[in-house]
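Using our numbering, the letters of the sequence shown correspond one by one to residues 2 to 399.
Beta carbons: idealized from backbone N, C-alpha and C, even for Gly.
Please read these numbers as outputs of a predicted model, since none were measured by experiment.
One structure is given below, encoded as structure tokens.
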Amino acid sequence: MAGDIYAVGLNYKTATVELREKLSCNASELDSVLHILKTSTNIEEFMLLSTCNRLELYSYASNERFVLDAFRRYAEIKNQHFDNSHLFLKAGKEAVAHIFKVAAGLDSMVIGEPQIVAQFKEAFFKAKTLGTTGKVINRLCQNALHASKRVRYETGISKSAVSVSYAAVELAKRIFGELKNHKVLLIGAGEMGELAAIYLQRSGASIYISNRTYERAVGLAERIKANVIRFDEIEQFLYEFDVVLVSTGAQGYVITKDVISKAMKKRYYKPIFLIDISVPRNIEPSCADLDSVFLYNIDDLKEVVENNLSNRVQEAKKGEFIILDEADKFYKWLENLELEPIIINMLDYTKNGSKDCKKIVHRAIKLIRENKEYTPLVFELLGIKSKEKEIDYGFVER
């Protein structure tokens with residue numbers, strides 16, 4: 002084939018949160034990143050998926066060197082250098098299956114988590130809008146979303162699926178046994194923050210919500226009957242909370258070691274639990290060095306997730322068969338693309354009465370002989386109705 006599908010990047014399986022946060026790409030910089038990659042690399046079509054658990058480049062390119070060069074170019078944009086041992090590279094049908102698994106939530110830390118579908122869609126539509134995708138990647142992503150839909154509806158994975166937010170609340174419950182008599186501060190009212198708020202509400206905790214946009218915090222608080230703290234008042238009231246759960250899109254630390262140190266003095270060093278599910282991290286890691294401060298990040302949720310796997314693993318196995326089926330269908334379509342220019346040239350030559358017509362017909366028929374799955378495409382392009390029983394796939398001179 003002239004090109005192939007490639008998936009390259011790093012995720013929670015290959016790299017720690019410390020490395021992932023350095024290479025994460027937020028919404029505000031995605032436009033410029035895609036533009037730079039489009040104008041300075043040799044990959045034909047691509048999209049970039051950046052979530053809290055992965056940074057992956059999906060592309061259609063003529064060889065893997067161009068793909069690796071493009072990822073290195075991305076690292077340069079982020080002013081980062083890293084060991085290639087943290088990278089994975091998949092090509093061909095293996096890459097297609099990986100991309101489909103990602104879109105379906107089967108490659109997530111929390112198997113079957115629903116947020117990845119929306120994140121995948123958003124990344125695809127952004128790339129499509131900016132013109133970095135084309136016929137192949139557009140078809141790839143559409144098929145990936147179709148595969149994701151099949152997995153959700155043809156397995157029970159969505160019934161037992163949880164989210165990172167759920168795992169974070171479960172961790173808090175594991176620490177305290179129950180949350181009914183504890184005050185919890187939730188910083189961030191985005192999608193993950195809202196999910197965490199819903200789970201916290203069910204646990205009976207006393208919930209306070211803070212967000213940089215005050216109106217958004219108020220809106221969420223009204224929906225779940227919680228209280229609100231203004232973003233610039235967090236430091237003032239932080240000492241009152243036993244659990245602080247942070248999930249924002251900020252690029253720096255929302256909670257610093259100095260802020261926690263002051264809060265601990267006011268708490269008389271009563272233990273406080275900090276749970277940071279943001280990438281990049283929003284709580285300064287050195288907070289964990291303070292006495293009676295217990296800090297958990299998104300990678301620490303793996304143990305909680307693994308304890309809740311049994312039902313989802315069985316359903317995920319069913320999902321794997323769907324993924325392989327859909328990956329096969331897509332890859333056959335991709336292989337068939339090779340025929341299009343041949344048939345188009347054949348039609349052009351035929352119209353022009355070219356002497357090379359016979360040679361081109363030979364080539365097309367040879368492909369049909371080798372794989373009859375090509376036949377419908379050949380007939381479609383020629384405008385011929387298929388009657389396979391009446392057709393001799395040999396070439397007879399008349």
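Report task. Using the Cα positions of T130 and R151, report the straight-line distance between them to the nearest angstrom. Result -> Within the sequence shown, the letter at position 129 stands for residue 130. Within the sequence shown, the letter at position 150 stands for residue 151. The alpha-carbon atoms of T130 and R151 are separated by roughly 26 Å.
**Report entry** Secondary structure of D243, DSSP reduced to three states
**Finding:** Here residue 243 corresponds to residue number 242 of the sequence shown, with the count starting at 1. Looking at D243 - three-state DSSP - the assignment turns out to be coil, as it is neither helix nor strand.
Query raised in the report: Exposed or buried, A169, counting other C-beta atoms within 10 Å across all chains shown (16 or more means buried)?
Result: The residue labelled residue 169 in the question sits at position 168 within the sequence shown. Classification for A169: buried.
Query raised in the report: Under a three-way DSSP split, which group does R66 fall into?
Result: As a first step, residue 66 is located in the sequence shown; it is residue number 65 there, counting from the start. DSSP places R66 in helix when its eight states are reduced to three.
Query - Alpha-carbon to alpha-carbon, L335 and S204 - result: For the purposes of this step, residue 204 is taken as residue 203 along the sequence shown, with counting starting at 1. For the purposes of this step, residue 335 is taken as residue 334 along the sequence shown, with counting starting at 1. Near 49 Å, if we compare the C-alpha coordinates of L335 and S204.
Query - Beta carbon of K94 nearer than 8 Å to that of A251 - result: Against the sequence shown, residue 94 aligns to sequence position 93. Against the sequence shown, residue 251 aligns to sequence position 250. Not closer than 8 Å, so no.
**Report entry** Stretch-stretch touch, CB-based, cutoff 8 Å, three pairs: the stretch 22 to 40 with the stretch 124 to 144
**Finding:** yes
Query raised in the report: Bridge partners of L187, per DSSP?
Result: As a first step, residue 187 is located in the sequence shown; it is residue number 186 there, counting from the start. Note: L187 sits in a beta bridge opposite I210, L246.
Report task. Can you give me the Cβ contacts of K258 inside the same chain, cut-off strictly under 6 Å, excluding the 5 residues immediately before and after it? Result -> Here residue 258 refers to the residue found at position 257 when the sequence shown is read from its first residue. For K258, where only same-chain residues beyond five positions count, the Cβ hits under 6 Å are E285, S287, C288.
Query raised in the report: Once you ignore the five residues that flank G4 on each side, which residues in its own chain have a CB closer than 8 Å to its CB?
Result: Residue numbering aside, residue 4 sits at position 3 when the sequence shown is read from its first letter. The answer, listed in chain order, is E45, Y61, A62, S63, V137.
**Report entry** Contact between the stretch 226 to 245 and the stretch 170 to 184 (3+ Cβ pairs under 8 Å)
**Finding:** yes
Query raised in the report: Roughly how many angstroms lie between the CA atoms of N27 and R55, to the nearest whole one?
Result: Within the sequence shown, residue 27 is the residue found at index 26, counting from 1. Within the sequence shown, residue 55 is the residue found at index 54, counting from 1. When rounded, the distance between both Cα atoms is 12 Å.
**Report entry** Environment of A128 [buried if 16+ CB atoms lie within 10 Å]
**Finding:** Counting from one through the sequence shown, the residue named residue 128 turns up at place 127. Flag for A128 reads buried.
Query raised in the report: Which two residues bound the contiguous beta strand (DSSP E) that contains E234?
Result: On the sequence shown, position 233 is the one that residue 234 refers to. No beta strand (DSSP E) contains E234, which DSSP labels as neither H nor E.
Query - C-alpha distance - H183 paired with K102, whole-angstrom precision - result: What you label residue 183 is simply residue 182 of the sequence shown in a count that begins at 1. What you label residue 102 is simply residue 101 of the sequence shown in a count that begins at 1. Answer to the nearest angstrom: the Cα atoms are 39 Å apart.
Requested in this report: Apply the 10 Å Cβ neighbour rule to F47 and answer buried if 16 or more other Cβ atoms are within range, or exposed otherwise.
Outcome: In the sequence shown, residue 47 corresponds to position 46, counting from 1. Buried, because 16 or more other Cβ atoms sit within 10 Å of the Cβ of F47.
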